[in-house]
């Protein structure tokens, strides 16, 4: 399954991530754009690791 890179580019040009400009997005390679999208939408690996109320020691 190959994502549509141009759709991602348009998405991030309209609303660039913090610290970037739409011009930065225009000049990114397809691989860099896919990497950025992956890391911006990556699930937190530590989410729900310790339960709802925090860390427990038994």
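Residue numbers (the working numbering): 2 to 59.
In this text, a Cβ means the ideal position worked out from N, Cα and C, and glycines have one as well.
Hey, could you find the ends of the alpha helix (DSSP H) residue i is sitting in?
i	result
residue 7	6-15
residue 23	23-27
residue 33	31-41
In whole angstroms, what separates the C-alpha of residue i from that of residue j?
i	j	result
residue 32	residue 19	19 Å
residue 24	residue 30	12 Å
residue 10	residue 37	11 Å
residue 22	residue 34	13 Å
residue 6	residue 44	21 Å
Less than 8 Å between the CB atoms is what I'm expecting for residue i and residue j, so what's the real figure, rounded?
i	j	result
residue 13	residue 26	5 Å
Strictly under 8 Å for the Cβ-Cβ distance: is residue i near chain D by that measure?
i	result
residue 31	Annotation note: the requested chain D is absent from the structure, which comprises a single protein chain.
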